[in-house]
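This report concerns only the one structure given below.
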Amino acid sequence: AKSGSPYRRIVLKISGEGFTRSGERGINMASVVALAEETYRAAQSGVQLAIVLGGGNILRGAQFSAGTTSIQPATAHYMGMLATVINGLAFQDALESLGVETRLVSAVPMEGVAEPHIHRRIQQHLEKGRIVILTGGTGRPFVTTDTAAAQAALEIGADILMKATKVDGVFSDDPAKNPHAILYSQISYRDVLRQNLRVMDPEAITKCAEHRLPIVVFNFRRPGNIERAVRGERVGTLITE
Ligand code: UDP
5 AKSGSPYRRI VLKISGEGFT RSGERGINMA SVVALAEETY RAAQSGVQLA IVLGGGNILR
65 GAQFSAGTTS IQPATAHYMG MLATVINGLA FQDALESLGV ETRLVSAVPM EGVAEPHIHR
125 RIQQHLEKGR IVILTGGTGR PFVTTDTAAA QAALEIGADI LMKATKVDGV FSDDPAKNPH
185 AILYSQISYR DVLRQNLRVM DPEAITKCAE HRLPIVVFNF RRPGNIERAV RGERVGTLIT
245 E
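Counting the sequence shown from 1 gives a position; full-length UniProt numbering is that position plus 4.
Written out as structure tokens, the structure is:
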């Protein structure tokens with residue numbers, strides 16, 4: 005492989021919001037294609053890339069069940085997991101239309117649509133240069149795809165977990181509410197947790213901290229960010245010890 009990245013293997017989590025226009029819901033194929041193009045360019049660095057997809061552009065279990073008493077919370081979470089598979093199908097075709105080989109995996113068994121989540125098989129795909137799209141979250145309700153991404157990164161021995169989201173990184177406060185919030189270029193796991201900075205599931209951060217897996221959080225809406233992050237340039241916020 006070409007050595008355009010300091011990493012050998014990366015898990016990149018892309019929030020569902022990346023699949024739609026700002027403020028909208030559902031899937032916007034132009035947004036999906038734009039993300040696929042960025043991902044494709046990032047993969048040209050020769051790095052092994054596994055991508056965990058969110059589903060928030062379609063449905064988030066906790067929000068969905070909060071609005072009604074006629075659905076069980078667990079059911080709503082399963083709906084959220086399936087939303088990530090819908091995103092995965094769109095993302096797979098967008099990537100393959102660029103000429104890159106991919107595999108779609110779902111942690112929720114879905115024969116005929118996606119491969120089962122078998123970590124050794126996922127690693128074999130990566131070694132063959134395929135981009136692996138991981139959907140279905142963890143396959144279990146009451147967690148989010150941040151946790152799924154942290155687990156996947158540990159499971160397949162990734163060097164780093166990257167989270168592409170709708171904000172620039174980790175701020176000292178909610179930047180939507182506090183205009184004086186400052187963006188950290190680097191912060192420790194402990195400070196993120198202690199200050200309750202909600203940029204990623206605390207559960208996911210704890211898992212990464214336990215295993216000293218570095219995390220980078222950056223904005224997918226800034227063109228070129230995915231490629232820059234993958235090539236090891238400083239973007240967003242680095243979370244380490
Ligand atoms: N989900 C779940 N278990 C998982 C991952 C996800 O139940 O392991 C559900 C959960 O309801 C979540 C939804 O799927 O809200 C969509 O995922 P997420 O909210 O993480 O998407 P994102 O915010 O990244 O777009």
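Glycine included, each C-beta is placed from N, C-alpha and C at the ideal position.
Owing to the predicted nature of the structure, the values given are computational and were not obtained by experimental measurement.
Here asparagine 91 is buried: its Cβ has 16 or more other Cβ atoms, across all protein chains shown, within 10 Å. By the Cβ rule, the region 99-107 does not count as touching the region 157-168, because fewer than three pairs are nearer than 8 angstroms. Note on geometry: alpha-carbon atoms of aspartate 205 and isoleucine 122 lie some 24 angstroms from one another. The beta carbons of valine 112 and valine 56 sit about 14 angstroms from each other, so the pair does not count as a contact at 8 angstroms. Counting the other Cβ atoms within 10 Å of the Cβ of serine 9 gives 16 or more, which makes it buried.
Counting the other CB atoms within 10 Å of its CB gives leucine 187 a total below 16, which places it among the exposed residues.
Arginine 232 and valine 51 have their C-alpha atoms spaced approximately 13 angstroms apart. Between aspartate 195 and serine 176, the alpha-carbon positions lie close to 10 angstroms from each other. Beta-bridge analysis with DSSP links alanine 54 to Val15 and Val136. Note that the C-beta distance between leucine 138 and alanine 156 is below 7 angstroms. Within the same chain, Val89 come within 7 angstroms of methionine 114 by CB-CB distance, once the 5 residues on both sides are set aside. Taking the Cα of valine 147 as reference, the smallest distance to any Cα among Phe222, Arg12, Leu217 and Ala78 is reached at Ala78. Counting along the chain, the unbroken alpha helix (DSSP H) around valine 89 starts and ends at 77-100.
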